[in-house]
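Engineer: Residue numbers (the working numbering), protein chains in the order written: chain A, 307 to 567; chain B, 2 to 540.
Pasting a structure here, questions to come.
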Amino acid sequence: MRELQPRVAIYKTSGINCDAETAFAFNLAGGKAEIVMSEDLKKGEKKLFDYKILTFPGGFSYGDDLGSGTVATLELDTYLGDKLQRFKETGLILGICNGAQMLVRSGLLPMGTLEDRQATLDRNNSGKFLGRPVRLSFERSICVFLQDPEPNSPIELQVAHGEGKFVMSPSILSQIESNRQVIFRYVDPKGLPTQEYPFNPNGSPNAIAGITDPSGRIVGLMPHPERSILKSQYPNWRRMGDFKPQGLEFFERMVKYASQM
Amino acid sequence: MVVIGGRTGRDGIHGATISSSGRTEQSAKADKEHVQIGNPIEEKKIGDAILEARDKDLIRTLTDCGAAGFSSAIGEIAENVGVNVDISKAPLKYEGLSPWEIWVSESQERMILAIDPNNMEEFLNVCKRHNVEATDLGIFDGNNKLTVRYGDEVVADLDYDFLKNGLPQKEMPAEFKREIFEEPEIDIPSDWVATLKAVLSHGNVCSKLPIVEQYDTTVQGTNALAPFGGVNLDAPNDAVVIRPILDKPYGLVISHGMNPILNRINPERGAKWAATEGVANLVAVGGNFREMVLCGNYISPIPDRQYMGSLDIQVDSICAFQDALEIPIVSGKDSLSSTYTWPDGKKTHVPPVVNISTMGRIPDLEKTTSTDFKNEGSTIVLVGKMHKGMAGSTYYDTLGIVGNEVPDVDLEVLPHVFDAIRNGIVNGEITAAHDISEGGAISTISEMCFGADMGVDLDIHSGERPDFFLFNETAGTFIVEVENPEKAESLFGNVPYRVLGKTRVGSDMKVAYQGKELFSGNINELKTAWQAPMKALFH
């Protein structure tokens with residue numbers, strides 16, 4: 307069944323603070339977004355499978371006690387585990403920043419299964435939180451909604467995190483590279499992938515900023531596309547002519563793909 | 002009457018009392034149990050629950066539990082009706098608190114709300130959805146009394162007339178004697194670039210980017226003017242512009258003005274400087290001084306006659322500013338306890354300061370500007386009435402001088418200057434604007450170059466000393482970029498202004514005085530000096 311406006315669940319727990327703008331971004335991109343409290347799903351007042359896109363927005367879920375996203379991931383696993391695992395059969399999953407941390411801690415990234423946790427997101431090499439715009443190159447990946455036409459690259463998005471460094475074993479790293487599961491890399495002013503601070507804000511290996519799972523339907527990003535959907539959100543919009551905000555394109559592609567699922 | 006949020010514990014008992022007394026070497030140990038323990042996640046949950054309850058029209062009124070906890074929050078919220086509360090119902094962090102401890106605890110993240118009994122169930126559901134604890138403590142009973150119970154026991158029973166009028170007004174003697182500082186004659190700088198670098202790398206002028214980057218300035222997607230912008234994202238802006246409703250063009254502009262030195266020399270002019278600087282920062286991005294409010298925060302040592310006198314003069318000065326520009330001050334606070342007593346009895350005082358924060362609204366945030374120059378060959382204009390005073394300036398400070406003549410602001414001229422700047426920004430004829438503050442016009446122009454990766458040709462054609470002109474810090478003056486001198490005349494014909502020069506390709510800052518070259522600097526070198534102090538501390 308095709309929906310003109312796919313319903314988007316913006317999953318919110320205590321401490322999440324990017325829910326409103328993420329919902330706004332999906333709505334602007336043609337989706338029908340709704341902020342869904344973890345309580346609503348636990349009690350069954352809302353049903354996960356009523357949605358085509360499930361999004362975990364940024365923030366500090368449960369204060370990031372025990373590590374970023376850890377408590378929220380435990381809650382997810384406990385109350386939704388099986389459903390979460392099956393969601394990608396009928397929909398797309400997106401995690402941004404704290405949401406990406408949750409997806410990685412759950413195991414859904416990079417391997418696509420709650421049974422197999424093969425990575426983590428660790429403290430930035432600088433030891434500090436960093437909030438600033440970064441440049442990113444789109445990689446040719448298996449992400450289902452970033453296929454033809456190939457997205458423009460490089461793009462500029464905001465990062466705002468203290469724990470954004472992907473950590474995994476060399477064999478997993480080479481596996482996700484050869485599977486083309488890397489979506490975004492941090493690039494320097496010349497447009498080349500970089501380990502140099504602050505262009506690479508956290509020291510992530512291979513300059514990885516975002517990844518997908520083997521199905522291409524689960525995506526985790528450290529940068530915030532929902533903060534670059536309006537022209538006025540760009541720090542230098544006064545110096546720029548007319549342009550299409552690059553975060554918006556990301557959401558539009560996702561919504562378009564989901565509407566055909 | 003409902004309390005929501007965090008539980009009540011022993012933390013923060015007498016926090017307000019302690020923070021209103023001075024500090025000694027014992028403070029860190031003896032007073033630590035008076036410090037409240039913050040929990041930002043609890044605060045975020047409360048905020049979300051309140052917004053939802055507000056949108057559903059479930060709240061009659063509310064106040065947060067700040068200093069003195071329930072006693073002030075409940076006491077104040079019920080002042081026109083009276084209240085009967087049972088504090089044994091208050092959720093506690095742990096057992097064993099006496100009624101008085103519950104009553105004055107300053108545990109954080111608690112809110113007191115008045116909810117219509119008919120809305121109670123729905124309100125409690127909203128709180129539950131956000132994981133927020135909510136407890137009914139009592140009723141506003143209309144008896145005009147503050148009745149506090151602990152179960153069946155009445156632990157306080159006070160008449161509101163006594164609570165409001167029972168304490169006689171304290172009288173504090175005040176007298177301000179102006180201190181006279183040495184103000185030796187100084188030579189015009191022989192090494193201009195070194196002088197400029199010294200000013201740019203002064204703590205009150207230098208780049209604070211490494212600090213700002215450690216905060217999230219783009220969360221919620223509302224920021225429409227980055228704290229640092231320009232081609233390399235490292236040039237400071239004057240205010241923040243927020244888009245509070247993402248699908249509307251409305252803008253909220255917020256800025257601040259404060260100076261840590263001037264009040265010591267001249268509280269009347271120092272306070273006026275702070276207020277002018279706060280509003281000028283707002284105007285420099287395109288804000289409208291006729292659509293704004295102010296918030297004043299006074300920080301002073303424990304007031305003796307002299308500090309009390311200073312405070313009295315500052316308040317009068319802010320009031321005069323408020324009257325002249327017809328801008329209301331809607332909020333504020335004072336902290337009159339910033340004195341440290343050493344074991345030997347010696348005292349260290351903070352400088353007496355007032356910080357003026359501003360908040361204004363604009364109908365269209367696209368009609369705002371940033372500080373970075375936009376075009377090559379455009380005209381650079383100084384707008385506003387400069388006063389000759391140099392006391393308290395950064396330039397003086399780099400020479401070890403305080404001085405006596407604080408720059409004065411002409412409140413007759415100021416509103417016209419603000420209007421001219423704003424009109425030029427709104428109609429798009431001012432393409433960059435930056436208000437002059439610490440470091441003077443030349444520091445302001447330097448920052449505008451940093452944001453543009455451009456140089457400038459300047460010619461100071463007037464009669465005054467070039468150093469006193471370039472480093473003067475009169476508040477309410479601006480550097481702006483316009484297309485050409487004719488534009489400047491059409492925009493600023495009714496206010497004091499002067500054309501200073503043009504932007505140029507490359508990285509040279511060339512400054513002439515009455516037609517002859519005064520000095521030539523390199524923008525990149527100046528920027529390195531300006532960035533060096535905080536880079537050294539934070540990298």
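Even glycine gets a Cβ: it sits at the ideal position worked out from N, Cα and C.
With which residues is residue 362(A) paired in a DSSP beta bridge?
Structural biologist: Counting from 1 along the first sequence, the entry for residue 362(A) is found at position 56. Beta-bridge pairing links residue 362(A) to 401(A).
Engineer: Note the first and the last residue of the continuous beta strand (DSSP E) segment covering residue 517(B).
Structural biologist: For the purposes of this step, residue 517(B) is identified with residue 516 of the second sequence, where counting begins at 1. Looking at the DSSP string, the run of the beta strand (DSSP E) that includes residue 517(B) is 517-523.
Engineer: Give every residue of the same chain whose Cβ lies closer than 8 Å to the Cβ of residue 563(A), excluding the five residues on either side of it in the sequence, and list them in chain order.
Structural biologist: Within the first sequence, numbered from 1, the residue matching residue 563(A) stands at position 257. Same-chain partners within the cutoff: 398, 450 and 451.
Engineer: Just mark residue 462(B) as buried or exposed, buried being the case when its beta carbon has 16 or more other beta carbons within 10 Å.
Structural biologist: Position 461 of the second sequence holds residue 462(B). Per the 10 Å Cβ criterion, exposed.
Engineer: Taking the CB atoms as reference points, tell me whether residue 423(B) and residue 456(B) lie closer together than 8 Å.
Structural biologist: Here residue 423(B) refers to the residue found at position 422 when the second sequence is read from its first residue. Here residue 456(B) refers to the residue found at position 455 when the second sequence is read from its first residue. No.
Engineer: DSSP state of residue 496(A), grouped into three classes?
Structural biologist: Reading the first sequence from its first residue, position 190 is the one you call residue 496(A). Coil.
Engineer: Check residue 528(A) in the structure and name its three-state DSSP category.
Structural biologist: Here residue 528(A) corresponds to residue number 222 of the first sequence, with the count starting at 1. Residue state, collapsed to three classes: coil.
Engineer: Below 7 Å CB to CB, which residues in the same chain sit around residue 391(B) once its five sequence neighbours on both sides are set aside?
Structural biologist: Here residue 391(B) corresponds to residue number 390 of the second sequence, with the count starting at 1. So the qualifying residues of the chain are 397, 404, 406, 469 and 473.
Engineer: Of all the residues that make up the segment 209-220 of chain B, which are near chain A by a beta-carbon distance shorter than 7 Å?
Structural biologist: Those would be 214, 215, 216, 217, 218, 219 and 220, in chain order.
Engineer: Helix, strand or coil: which one does DSSP assign to residue 357(A)?
Structural biologist: The residue given as residue 357(A) occupies position 51 in the first sequence. Coil, per DSSP.
Engineer: In whole angstroms, give me the CA-to-CA distance for residue 297(B) and residue 277(B).
Structural biologist: The sequence position of residue 297(B) within the second sequence is 296, counting from 1. The sequence position of residue 277(B) within the second sequence is 276, counting from 1. Going by the C-alpha atoms only, they are around 12 Å apart.
Engineer: Is there at least one Cβ from chain B nearer than 8 Å to residue 558(A)'s Cβ?
Structural biologist: Here residue 558(A) refers to the residue found at position 252 of the first sequence. No, residue 558(A) lies away from the interface with chain B (no Cβ there is under 8 Å from its Cβ).
Engineer: For a quick check, are the C-beta atoms of residue 220(B) and residue 228(B) less than 8 Å apart?
Structural biologist: By 1-based counting over the second sequence, the position of residue 220(B) is 219. By 1-based counting over the second sequence, the position of residue 228(B) is 227. No, the pair does not count as a contact, with Cβ atoms beyond the cut-off.
Engineer: I need the DSSP call for residue 318(A), collapsed to helix, strand or coil.
Structural biologist: In the first sequence, counting from the first residue as 1, residue 318(A) sits at position 12. Note: residue 318(A) maps to strand in three-state DSSP.
Engineer: Beta carbon of residue 244(B), beta carbon of residue 366(B): below 8 Å?
Structural biologist: Working through the second sequence from its first residue, we reach residue 244(B) at position 243. Working through the second sequence from its first residue, we reach residue 366(B) at position 365. Taking 8 Å as the Cβ cut-off, residue 244(B) and residue 366(B) qualify as a contacting pair.
Engineer: Run through chain B and tell me which residues come within less than 9 Å of residue 321(A), C-beta to C-beta.
Structural biologist: For the purposes of this step, residue 321(A) is taken as residue 15 along the first sequence, with counting starting at 1. The answer, in chain order, is 41, 42, 45 and 46.
Engineer: Quick one: grab the DSSP three-state call for residue 434(A).
Structural biologist: Residue numbering aside, residue 434(A) sits at position 128 when the first sequence is read from its first letter. Note: residue 434(A) maps to coil in three-state DSSP.
Engineer: I need the boundaries of the alpha helix (DSSP H) containing residue 296(B), first residue and last residue.
Structural biologist: On the second sequence, position 295 is the one that residue 296(B) refers to. Unbroken run through residue 296(B) is the beta strand (DSSP E), 293-300; no alpha helix (DSSP H).
Engineer: Looking at the C-beta of residue 528(B), does it have a partner C-beta in chain A at a distance below 8 Å?
Structural biologist: To locate residue 528(B), count along the second sequence from 1; it is residue 527. Output row for residue 528(B): interface = no.
Engineer: Are the beta-carbon atoms of residue 414(A) and residue 519(A) separated by less than 8 Å?
Structural biologist: Here residue 414(A) corresponds to residue number 108 of the first sequence, with the count starting at 1. Here residue 519(A) corresponds to residue number 213 of the first sequence, with the count starting at 1. Contact flag set, yes.
Engineer: Of all the beta strand (DSSP E) runs that stay within the bounds of the segment 460-524 of chain B, which reach a length of 3 or more residues?
Structural biologist: Entirely contained in the segment 460-524 of chain B, the beta strand (DSSP E) runs reaching 3 residues are, in chain order, 479-483, 498-505, 509-514 and 517-523.
Engineer: Can you tell me whether residue 546(A) is buried or exposed, with buried defined as 16 or more other CB within 10 angstroms of its CB?
Structural biologist: Taking the first residue of the first sequence as 1, we reach residue 546(A) at position 240. Exposed: under 16 other Cβ atoms inside 10 Å.
Engineer: Cβ closer than 9 Å: which chain A residues qualify as neighbours of residue 132(B)?
Structural biologist: Locating residue 132(B) in the second sequence gives position 131, where the first residue counts as 1. Under the 9 Å cutoff, chain A gives 319, 320, 343, 344 and 345.
Engineer: Please name the residue, chosen from 176(B), 272(B), 363(B) and 217(B), that lies closest to residue 253(B) on a Cα-to-Cα basis.
Structural biologist: Counting from one through the second sequence, the residue named residue 253(B) turns up at place 252. Among 176(B), 272(B), 363(B) and 217(B), the Cα nearest to that of residue 253(B) is on 363(B).
Engineer: Return the first residue and the last residue of the beta strand (DSSP E) that residue 87(B) is part of.
Structural biologist: As a first step, residue 87(B) must be located in the second sequence, where it is residue number 86. Note, residue 87(B): beta strand (DSSP E), 84-87.
Engineer: For the beta strand (DSSP E) that residue 467(A) lies in, which residues bound it at each end?
Structural biologist: Here residue 467(A) refers to the residue found at position 161 of the first sequence. Start and end: 461-467.
Engineer: With distances taken between CB atoms, is the gap from residue 352(B) to residue 261(B) smaller than 8 Å?
Structural biologist: Residue 352(B) sits at position 351 when you count from the first residue of the second sequence. Residue 261(B) sits at position 260 when you count from the first residue of the second sequence. For residue 352(B) and residue 261(B), yes; Cβs fall inside 8 Å.
Engineer: For residue 275(B), does the three-state DSSP call read helix, strand or coil?
Structural biologist: Numbered from its first residue, the second sequence carries residue 275(B) at position 274. The answer is helix: DSSP assigns residue 275(B) an H, G or I state.
Engineer: Taking the straight line between their C-alpha atoms, what separation do you get for residue 269(B) and residue 356(B)?
Structural biologist: On the second sequence, residue 269(B) is found 268 positions in, with the first residue counted as 1. On the second sequence, residue 356(B) is found 355 positions in, with the first residue counted as 1. Their Cα atoms are separated by approximately 14 Å.
Engineer: Whose C-beta lies closer than 8 Å to the C-beta of residue 247(B) among residues of the same chain, with five residues either side of it excluded?
Structural biologist: Stepping through the second sequence from its first residue, residue 247(B) is reached at position 246. Once the five neighbours on either side are set aside, the close Cβ partners of residue 247(B) are 222 and 223.
Engineer: Give the list of continuous alpha helix (DSSP H) stretches no shorter than 4 residues that lie fully inside the segment 394-427 of chain B.
Structural biologist: Within the segment 394-427 of chain B, the complete alpha helix (DSSP H) runs of at least 4 residues are 395-399 and 415-427.
Engineer: Closest to residue 460(B) by CA distance: which of 234(B), 251(B), 520(B) and 230(B) is it?
Structural biologist: Here residue 460(B) corresponds to residue number 459 of the second sequence, with the count starting at 1. The option with the nearest alpha carbon to residue 460(B) is 520(B).
Engineer: In the DSSP assignment, what residue or residues form a beta bridge with residue 154(B)?
Structural biologist: Along the second sequence, read from residue 1 onward, the residue named residue 154(B) stands at position 153. In DSSP, residue 154(B) forms a bridge with 151(B).
Engineer: Just by C-beta distance, which residues in the segment 358-386 of chain B are closer than 9 Å to chain A?
Structural biologist: If the cut-off is 9 Å between Cβ atoms, the segment 358-386 of chain B has 366, 367, 369, 370, 371, 373 and 375 near chain A.
Engineer: Over the uninterrupted alpha helix (DSSP H) stretch that includes residue 126(B), give me the two end residues.
Structural biologist: The residue you call residue 126(B) lines up with position 125 of the second sequence. Counting along the chain, the alpha helix (DSSP H) containing residue 126(B) begins and ends at 121-130.
Engineer: Could you please give the first and the last residue of the uninterrupted alpha helix (DSSP H) stretch that includes residue 308(B)?
Structural biologist: Translated into the one-based positions of the second sequence, residue 308(B) becomes position 307. Its alpha helix (DSSP H) spans residues 306-326.
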